[in-house]
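Below is one structure, written out as structure tokens; the observations come after it.
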Amino acid sequence: MLLVTKKFHNKSEFEFMKLFAARNDSFLSADANVELSTDKSGSSARKEPSGPRHASSFTPSPAAMQPTSLEQVQATAEPNPLKTCENLSTNCVMFLSSLGDGMNAYVAYKVSTRTSLPMFRSKVFSVRRRFSDFLGLYEKLSVKQSLHGCIIPPPPEKSVVGMTKVKVGMDDPSSVEFVERRRAALERYLQRVVSHPSLLQDPDVREFLEREDLPRAVNTQALSGAGFLKMINKASDAVNKMTIKMNESDTWFEDKFQEVENEEQQLRKLHVVVDSLVNHRKELCGNTAVFAKSLAMLGNSEDNTALSRALSQLAEVEDKMEQLHQEQAASDFFIFAELLGDYIRLLGAVRGCFDQRMRAWQRWQEAQSTLQKKREAEAKLLWANKPDKLQQAKEEITEWEARVTQYERDFDRIGMTVRKEVLRFEKEKAKDFKSQIIKYLEAMLQSQQRLIKFWEAFLPEAKAIA
839 MLLVTKKFHN KSEFEFMKLF AARNDSFLSA DANVELSTDK SGSSARKEPS GPRHASSFTP
899 SPAAMQPTSL EQVQATAEPN PLKTCENLST NCVMFLSSLG DGMNAYVAYK VSTRTSLPMF
959 RSKVFSVRRR FSDFLGLYEK LSVKQSLHGC IIPPPPEKSV VGMTKVKVGM DDPSSVEFVE
1019 RRRAALERYL QRVVSHPSLL QDPDVREFLE REDLPRAVNT QALSGAGFLK MINKASDAVN
1079 KMTIKMNESD TWFEDKFQEV ENEEQQLRKL HVVVDSLVNH RKELCGNTAV FAKSLAMLGN
1139 SEDNTALSRA LSQLAEVEDK MEQLHQEQAA SDFFIFAELL GDYIRLLGAV RGCFDQRMRA
1199 WQRWQEAQST LQKKREAEAK LLWANKPDKL QQAKEEITEW EARVTQYERD FDRIGMTVRK
1259 EVLRFEKEKA KDFKSQIIKY LEAMLQSQQR LIKFWEAFLP EAKAIA
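The working numbering numbers the first residue of the sequence shown as 839 and each following residue consecutively.
And the structure:
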């Protein structure tokens, strides 16, 4: 349900926004409920102070949370017998809470969770989160889970222009569209996180879903939109500039990485085309409305009764066609454009897990190189007959032998995780695309069937013109 108190400039804008919300409610989860309201009293359950928080309440920096090895990550993770998360469902309900005038306003999201999993304190609970909280969750998951080679679902893009319009006012239809679009994107992002067996067991995810007074996330500018893509590309460039080039022994990884890059390029091209199609549908809606109005005016001025009635009936048909064009535009956007945008970002995350494997290999090779240098140094000490330094050299060799063994295990473990994650991603992608293609075809089929009925009903009126 989308409740909007505003004045639209024309009928097309109003109808499209109703379809915008209605179509999106069924895009991913039938349980999703949306309310958009203005809370002038600021009576939300979680109040955000306008002043800065105490430093102790800030989220630790990525460097502070960075584990030194995969074993430490696994040792600190809470054990959980959870094997599947099919019983978990989340509903995101968004409120526009104005805690001030103009630029002081912000958007809060109510995240309601229903679950039967024993690791949660209750079966039904709700919290309010800001957009920066979602970015903070992504930051925490990236710091910890990326060491495993997991595919971390990326958050939606940050839009300074869109939020500025919302803060200025909701009179512009594009502001309503932006708010609803972001709510839907955040819901899909969170749904992908909780549907991941490993990520759901992360303590930060459970804290995000349950804790009322979540510390405000800071320094999240680079975690969304262009910043996220820049971060992925920077990591890829770092891998490409490695001094030791990897001689890939498993062609599966090489082939899959090439497939991911090619698919990302094709999805970007298709996304541009679908965006153009959505804009074309919107323009067609406006032109059809003008055409219908002109036909109605012509029918009112016509002296021939039969012709006047036929023109009036044709104007009504064109009004109905405008509604169909609006529904098709909503289908194009919610079923295809949003899906493509999500998977473009997800493929960037897939590339990131491949890069993480490459970095693990690089660390292993550098450790081997260091170990070789330590052994050469030991040999020189033996030849130089320096027993006082020989013991220290032997201890260093033992230390680096352990590191080489550790890093090799890390590389193998990440490789297995990446393989499992990519196969899971491909399975989920096929399921998502199948579901959305079926929805799109059903929507188009219903539109065409209704269109045929409209013309069949009008045909006798046209034949009755004398």
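Note that the Cβ used here is the ideal one computed from N, Cα and C, for glycine as well. If you're wondering where the values come from, they're calculated on a predicted model, not measured in any experiment.
| query | result |
| --- | --- |
| Can you confirm whether the region 1168-1181 touches the region 1271-1281 when touching is taken to mean that 3 or more C-beta pairs between the two stretches lie within less than 8 Å? | yes |
| Does R967 pass the burial test, meaning 16 or more other C-beta atoms within 10 Å, or should it be called exposed? | buried |
| Using the rule of at least 16 other Cβ atoms within 10 Å of the residue's Cβ for burial, across every protein chain shown, is S1087 buried or exposed? | exposed |
| Whole angstroms are fine: how far does the CA of L975 sit from the CA of L1016? | It is Phe, not Leu, that sits at residue 1016 in the sequence shown. The alpha-carbon atoms of F1016 and L975 are separated by roughly 22 Å. |
| Is it true that the CB of H1163 sits closer than 9 Å to the CB of L1133? | no |
| Smallest Cα separation from F1095: which of R1044, L1185 and A1167? | L1185 |
| Are the region 969-989 and the region 1039-1048 in contact at 8 Å, needing three or more beta carbon pairs? | yes |
| Helix, strand or coil: how does DSSP classify A1175 here? | helix |
| From A1211 to E1233, what distance separates their C-alpha atoms? | Residue identity check: residue 1211 is Lys in the sequence provided, not Ala. Roughly 14 Å separates the two Cα atoms. |
| Give a yes or no on whether the C-beta atoms belonging to Q1151 and E1025 are separated by under 9 Å. | no |
| Compare the beta carbon distance of V965 and F1046 with 9 Å and say whether it is the shorter of the two. | yes |
| In terms of residues, what are the limits of the beta strand (DSSP E) holding D953? | Residue identity check: residue 953 is Thr in the sequence provided, not Asp. Taken as a continuous stretch (DSSP letters only), T953 belongs to no beta strand (DSSP E), as it is neither H nor E. |
| Got a sec? Which residues, its chain only, sit under 6 Å from A1198 by beta carbon, not counting five neighbours each side? | D1248, F1249 and I1252 |
| Mind checking whether A1148 and I1303 have CB atoms under 9 Å apart? | yes |
| Out of A1127, L973, W1090 and V1111, point me to the one whose CA is closest to A1055's CA. | L973 |
| What do you reckon, are the CB atoms on I989 and G1190 nearer than 9 Å? | yes |
| Please classify D1193 as buried or exposed, where buried requires at least 16 neighbouring CB atoms within 10 angstroms. | buried |
| Less than 9 Å separating the beta-carbons of F794 and E1092? | Nothing can be reported for residue 794, as the shown portion of the chain is limited to 839 through 1304. |
| By the three-class DSSP mapping on this structure, what secondary structure does P1298 have? | helix |
| Using 10 angstroms around the beta-carbon of V1110, count the other beta-carbons present and answer buried if the total reaches 16, otherwise exposed. | exposed |
| In angstroms, rounded to a whole number, what distance separates the CA positions of G938 and K996? | Note that G938 scores a pLDDT of 48, beneath 50, so its modelled location is shaky; the value from the coordinates is reported in the next line. Going from the Cα of G938 to the Cα of K996 covers about 22 Å. |
| From which residue to which residue does the beta strand (DSSP E) around S964 run? | V962 to R968 |
| Take L1209 and list the residues in its own chain whose beta-carbon comes closer than 8 Å to its own, dropping the five residues that flank it on each side. | I1235, W1238, E1239, R1241 and V1242 |
| On a Cα-Cα basis, can you pick out the residue from A1167, R1019 and V1188 that is closest to S1114? | A1167 |
| Please report the straight-line C-alpha distance between A1217 and E1246, rounded to a whole angstrom. | 25 Å |
| When we look at the beta-carbon of E1156 and count the other beta-carbons within 10 Å, is it buried (16 or more) or exposed? | buried |
| S1150: beta carbon under 8 Å from a heavy atom of the ligand PLP? | By its list of ligands, the structure shown contains no ligand whatsoever, and the ligand PLP lies outside what it can speak to. |
| Let me check understanding here. Comparing Cα to Cα, which of A1187, M957 and Q1206 lies closest to E1099? | A1187 |
| In whole angstroms, what separates the C-alpha of R1183 from that of D1270? | 15 Å |
| Can you grab the Cα-Cα spacing for the pair W1293 / R1262, in whole Å? | 47 Å |
| Rounded to the nearest angstrom, what separates N848 and V1128 at their Cα positions? | Only weak support is given to the placement of N848: the predicted model assigns it a pLDDT of 49, under 50, and the question is left unresolved by the model. |
| Which stretch, first to last residue, makes up the alpha helix (DSSP H) that contains M1159? | T1143 to S1169 |
| So, with DSSP's three-state summary, where would you put K948? | strand |
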